[in-house]
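S.K.: This is the structure I want to talk about, given as structure tokens.
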Amino acid sequence: MTREIRRCTRCVLPDTFPAISFDAEGVCSYCRKAPPAPEFARIRAELRGRIARVFEEVRGRSEYDCIVAYSGGKDSTYVLSLMVREYKVRPLAVTVDNTFLSPQAVANCRTVSDALGVDHMFFRPSASFLGNMYRTSLTGDVHVPAAVTRASAVCNSCINVINTFMVKLAVRWDIAVVVGGYIGGQVPKDAAIMKLDLGVLSRTRQRSTERYLRFFGEDGARFFSLPESATLSEVTVINPLLAVPYGEEMVLEKIAGLGWKMPPDTGRNSSNCRLNDLGILQHERRYGFNPYVNELAELVRHGLMDREVALRKVAEVPRPADLRDVMAQLAISEADLKG
Amino acid sequence: MTTNSQTNGNGTAKAQALARFIEETFLVSFSDGKLSLDSDLFEAGVLDSFGVVELVSFIEGAFGVTLETEDFLSQQLASVSGLVEIIEERSRA
Numbered sequence: 136m137t138r139e140i141r142r143c144t145r146c147v148l149p150d151t152f153p154a155i156s157f158d159a160e161g162v163c164s165y166c167r168k169a170p171p172a173p174e175f176a177r178i179r180a181e182l183r184g185r186i187a188r189v190f191e192e193v194r195g196r197s198e199y200d201c202i203v204a205y206s207g208g209k210d211s212t213y214v215l216s217l218m219v220r221e222y223k224v225r226p227l228a229v230t231v232d233n234t235f236l237s238p239q240a241v242a243n244c245r246t247v248s249d250a251l252g253v254d255h256m257f258f259r260p261s262a263s264f265l266g267n268m269y270r271t272s273l274t275g276d277v278h279v280p281a282a283v284t285r286a287s288a289v290c291n292s293c294i295n296v297i298n299t300f301m302v303k304l305a306v307r308w309d310i311a312v313v314v315g316g317y318i319g320g321q322v323p324k325d326a327a328i329m330k331l332d333l334g335v336l337s338r339t340r341q342r343s344t345e346r347y348l349r350f351f352g353e354d355g356a357r358f359f360s361l362p363e364s365a366t367l368s369e370v371t372v373i374n375p376l377l378a379v380p381y382g383e384e385m386v387l388e389k390i391a392g393l394g395w396k397m398p399p400d401t402g403r404n405s406s407n408c409r410l411n412d413l414g415i416l417q418h419e420r421r422y423g424f425n426p427y428v429n430e431l432a433e434l435v436r437h438g439l440m441d442r443e444v445a446l447r448k449v450a451e452v453p454r455p456a457d458l459r460d461v462m463a464q465l466a467i468s469e470a471d472l473k474g
Numbered sequence: 000m001t002t003n004s005q006t007n008g009n010g011t012a013k014a015q016a017l018a019r020f021i022e023e024t025f026l027v028s029f030s031d032g033k034l035s036l037d038s039d040l041f042e043a044g045v046l047d048s049f050g051v052v053e054l055v056s057f058i059e060g061a062f063g064v065t066l067e068t069e070d071f072l073s074q075q076l077a078s079v080s081g082l083v084e085i086i087e088e089r090s091r092a
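Going line by line, the protein sequences match chains A and B. Heads up: the first sequence begins at 136 in the working numbering, then just goes up one per residue. Heads up: the second sequence begins at 0 in the working numbering, then just goes up one per residue.
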């Protein structure tokens, strides 16, 4: 029998979410710890100032002022437009093709890059490596508990490959800033601006890389290691959507003018990836909560999304019958997933 | 909280502050017997590369020290007790 899930009366976090507790009014411990609205607004305003100063420092210094990790989804499309139209920098848009990109997402990458007049490139890692990485992620305990609250296992693995590739490209092409399209709840709270010392980063990453290679095989080393830089000592990673005004409807409205269209095959929560729903299904089974619930709760908590909209998004669990094509591409069965 | 390391009074306070931050941020417990202050937090599946950035940011803000490049090479970075040693050394410098 399925037990009824209790949810926070303010956001949408369920009682199955790690380390959660509720007060007498049914408000969760995460809402209680969140900054009040004026403080939240002050933090974001301060971050916007810091982001603007970073771009002032780097503008015109290199062939490209920044790399934008461009998935073709709605949020990174909005970020790419912000770079060109608000921050007036020259980005290089880079899309990692994870072999599950919707054809419409691929088309969106091209259409939007053309509309904004930016240079764009695709990078497609080996399909056999990615297939193995996704299968292992779906069935093994690859990621640390904190990561599991932010995204599904397949998403966390993919994010690691993408982040590493972006920093690697920044080092090789001497580009000081990498920009991502993450929103609150998808990344740690300090991720709006992170200055990464490359020497320190490559050393501290060795330990986490060892862990990934134990799961994914030594063949994956090139996807998780960073090169030495002759010129750059640090790379600044910026996630502007943790600082600028954000709302799903507002974003969709703004990017429609760039020719962006919603893919028909990426489920309720993704706007670029066909694998996403399988990650959600497996996450629900293993941990008892939707991997998007943390970011949706964050949006609701700060008045950036209607609670009912968020509840609808987390209520619908993907059906295995709708994921046959994706499972066939991964050569994985329902029995494998149930382990 | 299981304490295996040799710490003085100040060290104990630092270890407790670090352990509390790690418990709250990385959603693990030092009270269930699986983790101690000497546990290798990478080996135990507590820290990933995002986590290290968060942990170092907390240490530098909370204890007013700046970690040096050599600290990131050190095995001390991997455990609470090792981090306390790094913090105390940087506080004296």
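Built from N, CA and C at the ideal position, the CB exists for glycine as well. Only a predicted model underlies this, so the values are computations on that prediction, with no experimental measurement involved.
Work out the CA separation of residue 437(A) and residue 172(A) for me, nearest whole Å.
M.R.: Numbered from its first residue, the first sequence carries residue 172(A) at position 37. Numbered from its first residue, the first sequence carries residue 437(A) at position 302. Whole-angstrom Cα-Cα distance: 7 Å.
S.K.: Once you ignore the five residues that flank residue 390(A) on each side, which residues in its own chain have a CB closer than 8 Å to its CB?
M.R.: The residue given as residue 390(A) occupies position 255 in the first sequence. Cβ neighbours of residue 390(A) beyond the five flanking positions: 209, 212, 213, 216, 247.
S.K.: Would a check of beta-carbon distances place residue 45(B) closer than 7 Å to chain A?
M.R.: Mapped onto the second sequence, residue 45(B) falls at position 46. Yes, because at least one Cβ of chain A sits closer than 7 Å to the Cβ of residue 45(B).
S.K.: Tell me, to the nearest whole angstrom, how far the beta carbon of residue 78(B) is from that of residue 37(B); I am working on the premise that it is less than 8 Å.
M.R.: In the second sequence, the residue the question calls residue 78(B) occupies position 79. In the second sequence, the residue the question calls residue 37(B) occupies position 38. Contact flag correct, Cβ pair sits at about 5 Å.
S.K.: Note down, in chain order, every chain B residue with its Cβ under 8 Å from the Cβ of residue 151(A).
M.R.: Taking the first sequence and counting its residues from 1, one reaches residue 151(A) at position 16. Chain B residues near residue 151(A): none, gap ~13 Å exceeds 8 Å.
S.K.: Would you tell me roughly how many angstroms separate the C-alpha atoms of residue 157(A) and residue 143(A), rounded to the nearest one?
M.R.: Against the first sequence, residue 157(A) aligns to sequence position 22. Against the first sequence, residue 143(A) aligns to sequence position 8. About 7 Å.
S.K.: Could you compute how far the alpha carbon of residue 2(B) sits from the alpha carbon of residue 52(B)?
M.R.: Stepping through the second sequence from its first residue, residue 2(B) is reached at position 3. Stepping through the second sequence from its first residue, residue 52(B) is reached at position 53. With a pLDDT of 46 at residue 2(B), under the threshold of 50, the predicted position of this residue should be treated as unreliable, and no value is reported.
S.K.: Which stretch, first to last residue, makes up the beta strand (DSSP E) that contains residue 281(A)?
M.R.: In the first sequence, counting from the first residue as 1, residue 281(A) sits at position 146. Element bounds for residue 281(A): not the beta strand (DSSP E) but the alpha helix (DSSP H), 280 to 283.
S.K.: Would you mind working out which of 431(A), 334(A), 200(A) sits nearest residue 69(B), comparing C-alpha positions?
M.R.: Working through the second sequence from its first residue, we reach residue 69(B) at position 70. Answer by Cα proximity: 334(A).
S.K.: Using the beta-carbon of each residue, which ones in chain B are nearer than 7 Å to residue 436(A)?
M.R.: Within the first sequence, the letter at position 301 stands for residue 436(A). Per Cβ cutoff of 7 Å: no residues; residue 436(A) is ~17 Å from chain B at best.
S.K.: What are the start and end residues of the alpha helix (DSSP H) that includes residue 297(A)?
M.R.: Residue 297(A) sits at position 162 when you count from the first residue of the first sequence. 288 to 308 is the extent of the alpha helix (DSSP H) around residue 297(A).
S.K.: As an exercise, report each continuous alpha helix (DSSP H) stretch of at least 4 residues that is fully enclosed by the segment 175 to 254 of chain A, in chain order.
M.R.: Correct list: 209 to 220, 238 to 251.
S.K.: On the premise that residue 404(A) lies in contact with residue 427(A), defined as a C-beta separation below 8 Å, what is that separation, rounded to the nearest angstrom?
M.R.: Taking the first residue of the first sequence as position 1, residue 427(A) is located at position 292. Taking the first residue of the first sequence as position 1, residue 404(A) is located at position 269. About 5 Å separates the two Cβ atoms, so the contact holds.
S.K.: Are the Cβ atoms of residue 320(A) and residue 425(A) separated by less than 7 Å?
M.R.: One-based indexing of the first sequence puts residue 320(A) at position 185. One-based indexing of the first sequence puts residue 425(A) at position 290. Not in contact: residue 320(A) and residue 425(A) (Cβ atoms no closer than 7 Å).
S.K.: Within a Cβ cutoff of 7 Å, which residues of the same chain sit near residue 39(B), ignoring the five residues on either side of it in sequence?
M.R.: The residue given as residue 39(B) occupies position 40 in the second sequence. Answer for residue 39(B): 77, 78, listed in chain order.
S.K.: Does chain B have any CB closer than 7 Å to the CB of residue 274(A)?
M.R.: As a position in the first sequence, residue 274(A) is number 139, starting the count at 1. No, its Cβ sits nowhere closer than 7 Å to a Cβ of chain B.
S.K.: So what does DSSP say about residue 144(A), is it helix, strand or coil?
M.R.: Translated into positions along the first sequence, residue 144(A) becomes position 9. Of the three classes helix, strand and coil, the one that applies to residue 144(A) here is coil, per DSSP.
S.K.: Give the single residue among 92(B), 34(B), 62(B) whose Cα lies nearest to the Cα of residue 10(B).
M.R.: Position 11 of the second sequence, counting from 1, holds the residue named residue 10(B). Per the Cα distances, 62(B).
S.K.: Could you check whether residue 312(A) and residue 193(A) sit closer than 7 Å to each other, using their CB atoms as the reference points?
M.R.: As a working mapping, residue 193(A) is identified with position 58 in the first sequence. As a working mapping, residue 312(A) is identified with position 177 in the first sequence. Yes, they are a contact pair.
S.K.: What is the DSSP secondary structure of residue 467(A), counted as helix, strand or coil?
M.R.: Taking the first sequence and counting its residues from 1, the one referred to as residue 467(A) is at position 332. Coil.
S.K.: Kindly indicate which residue of 316(A), 370(A), 203(A), 337(A) has the alpha-carbon position closest to the one of residue 356(A).
M.R.: Start at 1 with the first residue of the first sequence, and residue 356(A) comes out as number 221. Of the listed residues, the one whose Cα sits closest to residue 356(A) is 337(A).
S.K.: Is it the case that the Cβ atoms of residue 401(A) and residue 71(B) are separated by a distance below 7 Å?
M.R.: The sequence position of residue 401(A) within the first sequence is 266, counting from 1. The sequence position of residue 71(B) within the second sequence is 72, counting from 1. No, they are not a contact pair.
S.K.: With burial defined as no fewer than 16 other Cβ atoms inside 10 Å of the residue's Cβ, what is the status of residue 179(A): buried or exposed?
M.R.: Taking the first residue of the first sequence as 1, we reach residue 179(A) at position 44. Result: buried.
S.K.: Measuring straight from C-alpha to C-alpha, what distance separates residue 370(A) and residue 361(A)?
M.R.: To locate residue 370(A), count along the first sequence from 1; it is residue 235. To locate residue 361(A), count along the first sequence from 1; it is residue 226. Rounded to the nearest angstrom, the two C-alpha atoms are 12 Å apart.
S.K.: Considering only the beta carbon of each residue, do residue 185(A) and residue 328(A) sit closer than 7 Å?
M.R.: One-based indexing of the first sequence puts residue 185(A) at position 50. One-based indexing of the first sequence puts residue 328(A) at position 193. Yes; because the gap between Cβ atoms is below 7 Å, this pair is in contact.
S.K.: I need the DSSP call for residue 313(A), collapsed to helix, strand or coil.
M.R.: For the purposes of this step, residue 313(A) is taken as the residue at position 178 of the first sequence. Residue 313(A) falls in the strand class under three-state DSSP.
S.K.: Distance cutoff 7 Å, beta carbons only. Does residue 455(A) sit that close to anything in chain B?
M.R.: Within the first sequence, the letter at position 320 stands for residue 455(A). By this cut-off, residue 455(A) is not an interface position.
S.K.: Would you give the residue range spanned by the alpha helix (DSSP H) that residue 86(B) belongs to?
M.R.: Taking the first residue of the second sequence as 1, we reach residue 86(B) at position 87. It spans 79 to 91 - the alpha helix (DSSP H) in which residue 86(B) sits, taken as one unbroken run.
S.K.: If I follow the unbroken beta strand (DSSP E) through residue 369(A), where does it start and stop?
M.R.: On the first sequence, residue 369(A) is found 234 positions in, with the first residue counted as 1. Element bounds for residue 369(A): 369 to 373.
S.K.: I want to see whether chain C comes within less than 7 Å of residue 73(B), judged by CB atoms only; does it?
M.R.: Checking the listed chains, one finds no chain C in this structure; the protein chains it contains are A and B.
S.K.: If you run the structure through DSSP and keep just helix, strand and coil, what is residue 329(A)?
M.R.: Residue mapping note: residue 329(A) aligns to position 194 of the first sequence, counting from 1. Three-state result, residue 329(A): strand.
S.K.: Measure the C-alpha to C-alpha separation of residue 176(A) and residue 463(A) and round it to an integer number of angstroms.
M.R.: Taking the first sequence and counting its residues from 1, one reaches residue 176(A) at position 41. Taking the first sequence and counting its residues from 1, one reaches residue 463(A) at position 328. Approximately 46 Å between the Cα atoms of the pair.
S.K.: Does DSSP put residue 9(B) in a helix, a strand or coil?
M.R.: To locate residue 9(B), count along the second sequence from 1; it is residue 10. Note: residue 9(B) maps to helix in three-state DSSP.
S.K.: Could you give the distance in angstroms between the alpha-carbon of residue 296(A) and the alpha-carbon of residue 347(A)?
M.R.: Reading the first sequence from its first residue, position 161 is the one you call residue 296(A). Reading the first sequence from its first residue, position 212 is the one you call residue 347(A). Their Cα atoms are separated by approximately 11 Å.
S.K.: Interface residues of chain B around residue 364(A) at Cβ under 9 Å?
M.R.: Looking up residue 364(A) in the first sequence gives position 229. Residues of chain B passing the Cβ test: none, with the nearest at roughly 14 Å.
S.K.: Measuring only the C-alpha atoms, how far is residue 91(B) from residue 64(B)?
M.R.: Residue numbering aside, residue 91(B) sits at position 92 when the second sequence is read from its first letter. Residue numbering aside, residue 64(B) sits at position 65 when the second sequence is read from its first letter. Rounded to whole angstroms, residue 91(B) to residue 64(B) spans 10 Å at the Cα level.
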